[in-house]
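Counting with UniProt numbering, you get residues 1 to 50 for the letters of the sequence shown.
Inspection log for the structure reproduced underneath, given as structure tokens.
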Amino acid sequence: MSKSEWISYFGAGDIFKRFEELFLPHRPHYSESEIDQALKKRIAVKSKKK
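Quick look at the structure:
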């Protein structure tokens with residue numbers, strides 16, 4: 001899934017803000033696949049909570 005697909009899926013909302021808070025201060029260079037993997041993990045966690 002591309003970054004633009006994630007943005008449209010989440011409405012460009014707070015998931016990317018959270019992601020930037022978590023990773024940008026100490027990891028300015030991350031790959032799109034790392035983002036995809038981390039977001040997939042978060043979705044799995046969120047869907048388990050339901």
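Where a beta carbon is used, it is the ideal one built from N, C-alpha and C, also for glycine.
What you are looking at is a predicted structure, and each value in this text was computed from that prediction instead of being measured.
Helix, strand or coil for Ser-33? Go by DSSP, reduced to three states.
helix
Give the straight-line distance between the Cα atoms of Ile-35 and Lys-48, rounded to the nearest whole angstrom.
20 Å
Just how far apart, CA to CA, sit Lys-17 and Glu-5?
16 Å
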